[in-house]
Structure formats: C-alpha cells, structure tokens
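Engineer: What follows is a single structure, and I will ask about it in a moment.
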Amino acid sequence: MPRRPSSGRRVLKYQPLAFSPFMRLLSFASMARRNLPHPEDCQCSDEEISFDEKEKIPNLSKKGKEQQLSDSSDEEDSQEDVQADFEFFDPKPTDFHGVKILLQNYLDDKEWDLSSFVDFILEQTTVGTVVKVADDEDESVFALVTALNMARYKDNKCFRELKEFLRKVCSEKNIANNLEMLLEKKAQDVGLLVSQRVMNLPPQLLPPLYDGLFDEVSWATEDEPTEELRRSFRFKSYLLITKIYKLKNPKQRKPRHGEEDIEETIFLKPEDELFLELSSWSFTFPMRSQLVTSQEMKNYQLLGLVMAVEANKIPKFRQMLNSLIDEQ
15 MPRRPSSGRR VLKYQPLAFS PFMRLLSFAS MARRNLPHPE DCQCSDEEIS
65 FDEKEKIPNL SKKGKEQQLS DSSDEEDSQE DVQADFEFFD PKPTDFHGVK
115 ILLQNYLDDK EWDLSSFVDF ILEQTTVGTV VKVADDEDES VFALVTALNM
165 ARYKDNKCFR ELKEFLRKVC SEKNIANNLE MLLEKKAQDV GLLVSQRVMN
215 LPPQLLPPLY DGLFDEVSWA TEDEPTEELR RSFRFKSYLL ITKIYKLKNP
265 KQRKPRHGEE DIEETIFLKP EDELFLELSS WSFTFPMRSQ LVTSQEMKNY
315 QLLGLVMAVE ANKIPKFRQM LNSLIDEQ
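Given below as structure tokens:
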C-alpha cells in the first residue's frame with residue numbers, strides 16, 4: 015500500500031467552514047477564558063468541534079433546537095461561509111504554535127510541560143497528521159491526529175505529568191488498577207491517541223484522517239529503521255483523553271409536553287461515542303474549566319472522559335465511522 019506523500023494530500027475542496035450558533039458560543043466563550051486569538055484571525059480556538067450544526071446544539075429537544083436556530087437566523091444570514099481547500103500534512107516544527115493552541119486545555123486547566131509534549135508530536139513525522147488549508151500563508155493548523163507510545167517517552171517530564179494527572183482524576187478503584195497497568199506495566203504496548211481539531215471541521219475529513227493514522231501505525235511497524243522503533247508502534251491498546259457534556263440530574267430532567275427526550279450525553283466529537291462503545295473501560299471526571307456558561311447549557315456539566323480501546327477493535331471503529339459519515 016503506497017504511503018501518503020509527505021508534502022500533503024488534498025482531501026476536500028471548497029468545503030464551507032460555518033459556525034452554528036451553539037458552537038460559535040463554545041468557541042467565543044473558550045477564547046474569552048483563555049485569551050486566545052479570534053478564530054477569524056488564527057486557529058478558531060478550542061479542540062472540540064461540531065459535527066453537524068443542528069445536532070451539536072444542546073440536545074434540549076427538537077423544538078428547542080429549531081427555536082434557537084430561528085432566534086439566530088438574522089445572525090446566521092450575516093455570516094458568510096468560509097470556503098476552504100483542506101490538505102493533510104506530516105507534522106513539522108513550524109506547526110508548533112497551531113498545535114499548541116489546539117492542545118491548550120488537553121489536561122483541563124493543569125499547568126504542565128505542554129511545549130515538550132507538542133515537540134514530541136511534531137518530531138514524530140512518520141505517524142501523525144495535521145490538517146491545513148491549501149495556500150494559507152499563515153499555515154494555520156485546523157486538526158491534529160497522532161499516536162504516541164507511552165513507554166517511549168516515560169522519562170520525560172510532560173509524560174510524567176500526564177500520568178500524574180490521570181491517576182489523580184481517576185476515582186474508580188477497579189478502573190484505577192486497569193489505568194495503572196496501561197501507564198506502567200503495559201506501557202510499551204499502549205498508544206496515546208491524540209485527536210484535537212477546530213470547530214466545524216467538515217465531517218467528510220474524519221474517515222480519511224483516522225484511516226491515515228491507523229495505516230501509518232501499521233506501516234511504521236514494518237518501515238521504521240530500527241526494531242525498537244518498529245516495536246514501539248505495535249500497539250495493543252489505545253488510551254484516549256477527551257471531553258463530553260453530561261446532564262447533571264438526568265432522573266429529574268423530564269421533557270416537556272411535545273418535546274423529544276433530553277439526551278443525557280452530548281459528544282463534542284462524534285467519533286468519541288464510537289470509541290466509548292468499543293472501549294474496554296472508561297471513566298469520567300469533573301473539569302474545573304468550562305467552555306460555556308450559557309442558559310442553554312445550565313443543566314449540563316463538562317466532564318473529562320478517559321477511554322481504553324483495544325487495538326483489535328480499530329477495524330470495527332473505522333467501519334463504524336465510515337457508516338456514520340455516510341448517513342449524514
């Protein structure tokens with residue numbers, strides 16, 4: 015199977031980059047909190063994205079979604095779609111600023127050696143992809159996906175801090191034992207799957223983005239120059255850290271007359287629901303940082319979600335993701 019050219023591969027032409035009212039709210043609120051550049055000026059801010067404009071408005075009810083869209087119709091009319099020609103590239107040092115912005119609150123509000131973590135991502139050019147807009151002079155990074163071996167970087171400060179963070183936020187004793195196994199004893203076989211992107215990245219990009227990652231992992235097990243490196247990509251499990259919104263009191267929240275059932279969980283990245291379904295274990299933890307404090311989200315809490323997915327489930331994930339996109 016031929017490799018992806020290192021110079022980049024065109025995937026999608028002239029795809030609109032439009033913000034739904036809710037996702038614009040997420041974006042602007044998170045930027046105000048973190049004082050990051052405005053999306054029109056740079057990277058569009060946070061790592062969570064909307065997958066479908068209507069679906070990612072908080073799942074209050076169908077009527078509630080339609081009302082919110084109606085209330086914002088004048089604003090939507092004034093927003094012009096940004097036409098973008100996306101390309102996939104191997105990471106490189108000049109992507110440092112864009113990748114760091116995407117990962118700004120990867121570990122909630124923890125202060126840690128994020129710069130070194132970004133450096134390791136960019137140094138690993140055989141496995142990993144960044145998504146940019148063709149002919150963009152600023153080379154803004156719109157998405158990142160990669161997998162880092164947990165044992166390969168175990169002695170580095172950023173990975174020690176990452177493991178300390180995960181141990182601290184895992185409050186479930188039985189899962190804590192499983193987590194510890196992946197962080198230490200089985201770390202050689204574990205890939206930290208890092209997938210962050212801007213809001214409203216076209217959903218058509220998701221299957222080739224993940225297909226590219228897992229194909230590169232497979233190629234690396236054969237093509238890396240040393241046996242040590244080849245061995246480091248023979249993952250048996252993947253560890254994922256992401257975010258979801260959870261209804262605070264699901265038993266007390268009943269839909270009003272004529273409304274649809276209120277969804278208990280909002281997945282900010284649609285593939286996370288698939289990963290969760292296929293995971294061998296998972297846990298959530300409350301986050302100190304909040305993306306929004308809007309009236310629409312007052313009954314939801316932002317949670318961190320940690321999952322372990324066995325590598326033998328990845329073919330099933332790829333199939334499910336393709337089916338999900340085809341249904342859109």
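Its first residue numbered 15, the sequence shown is counted upward by one per residue in the numbering used here. All residues carry an ideal CB built from backbone N, CA and C; glycine is no exception. Source: prediction; values computed, not measured.
Do the stretch 167-175 and the stretch 185-193 touch if we need at least three Cβ pairs shorter than 8 Å?
Structural biologist: Output reads no: the stretch 185-193 does not touch the stretch 167-175.
Engineer: Suppose contacts are defined by Cβ-Cβ distances below 9 Å. Is residue 322 in contact with residue 193 by that definition?
Structural biologist: Cβ distance < 9 Å, so residue 322 and residue 193 count as in contact.
Engineer: Can you tell which of 332, 115, 245, 105 has its C-alpha closest to the C-alpha of residue 141?
Structural biologist: Selected option, being the one with the closest Cα: 105.
Engineer: Between residue 164 and residue 253, which are expected to be in contact by the criterion C-beta below 8 Å, what is the C-beta distance as a whole number of angstroms?
Structural biologist: So it is a contact: roughly 7 Å between Cβ atoms.
Engineer: In this structure, how does DSSP classify residue 156 when only helix, strand and coil are distinguished?
Structural biologist: Coil, per DSSP.
Engineer: Determine the direct distance from the alpha carbon of residue 324 to that of residue 292, and round the result to whole angstroms.
Structural biologist: C-alpha separation (whole angstroms): 8 Å.
Engineer: Would you kindly report the start and end of the unbroken alpha helix (DSSP H) that includes residue 333?
Structural biologist: First-last of the alpha helix (DSSP H) with residue 333: 328-341.
Engineer: What's the C-alpha gap between residue 279 and residue 295?
Structural biologist: Each residue's alpha carbon lies about 17 Å from the other.
Engineer: Answer yes or no: do residue 207 and residue 180 have a C-beta to C-beta separation smaller than 9 Å?
Structural biologist: Cβ atoms of residue 207 and residue 180: not closer than 9 Å.
Engineer: For residue 183, which residues of its own chain have a beta-carbon under 6 Å away from its beta-carbon, when the five flanking residues on both sides are left out?
Structural biologist: Correct list, in chain order: 299.
Engineer: From the DSSP secondary-structure annotation, give me the bridge partner or partners of residue 321.
Structural biologist: Answer by DSSP bridge pairing, in chain order: 254, 296.
Engineer: Enumerated in chain order, which unbroken segments of the beta strand (DSSP E) with a length of 3 residues or greater are wholly contained in the stretch 150-219?
Structural biologist: Runs of the beta strand (DSSP E) inside the stretch 150-219: 157-163, 204-211.
Engineer: Which residues share a DSSP beta bridge with residue 118?
Structural biologist: In the DSSP output, where bridge partners are listed per residue, residue 118 has none listed.
Engineer: Take the Cβ of residue 101 as the centre, count every other Cβ of all protein chains shown within 10 Å, and call the residue buried at 16 or more, exposed below.
Structural biologist: Residue 101 comes out buried.
Engineer: Since residue 157 and residue 231 are thought to touch, with beta carbons under 8 Å apart, how far apart are those beta carbons, to the nearest angstrom?
Structural biologist: At roughly 17 Å, the Cβ-Cβ gap does not stay under 8 Å, so residue 157 and residue 231 are not in contact.
Engineer: In chain order, what residues of the same chain lie with their CB nearer than 6 Å to the CB of residue 328, ignoring the 5 residues before and after it?
Structural biologist: So the qualifying residues of the chain are 228.
Engineer: What whole-angstrom Cβ distance do residue 259 and residue 159 have, given they're in contact under 8 Å?
Structural biologist: In fact, because the Cβ distance is near 22 Å, the residues do not count as touching under 8 Å.
Engineer: According to the neighbour-count rule (16 or more other Cβ atoms, all chains shown, within 10 Å of its Cβ), is residue 129 buried or exposed?
Structural biologist: Answer is exposed; the Cβ neighbour count stays below 16.
Engineer: Mapping DSSP to helix, strand and coil, what is residue 309?
Structural biologist: Helix, per DSSP.
Engineer: Using CA coordinates, which residue listed in 209, 312, 145, 236 is at the minimum distance from residue 286?
Structural biologist: It is 209.
Engineer: Pull up the DSSP beta-bridge partners for residue 280, would you.
Structural biologist: Looking at the DSSP assignment, residue 280 forms a beta bridge with 259.
Engineer: Are there 16 or more other CB atoms within 10 angstroms of the CB of residue 214, so buried, or fewer, so exposed?
Structural biologist: Buried is the call here.
Engineer: With residue 257 and residue 197 assumed to form a contact (beta carbons below 8 Å), what rounded beta-carbon distance in angstroms separates them?
Structural biologist: Their Cβ separation, rounded to whole angstroms, is 20 Å, which puts residue 257 and residue 197 out of contact at 8 Å.
Engineer: For residue 147 and residue 123, I'd like the C-alpha separation in whole angstroms.
Structural biologist: Spanning the two alpha carbons is a distance of roughly 29 Å.
Engineer: With a CB to CB cut of under 6 Å and the five nearest residues on each side skipped, what residues in its chain are close to residue 319?
Structural biologist: So the list reads 256, 258, 298, once near-sequence residues are dropped.
Engineer: To the nearest angstrom, report how far apart residue 337 and residue 288 are at their CA atoms.
Structural biologist: Going from the Cα of residue 337 to the Cα of residue 288 covers about 11 Å.
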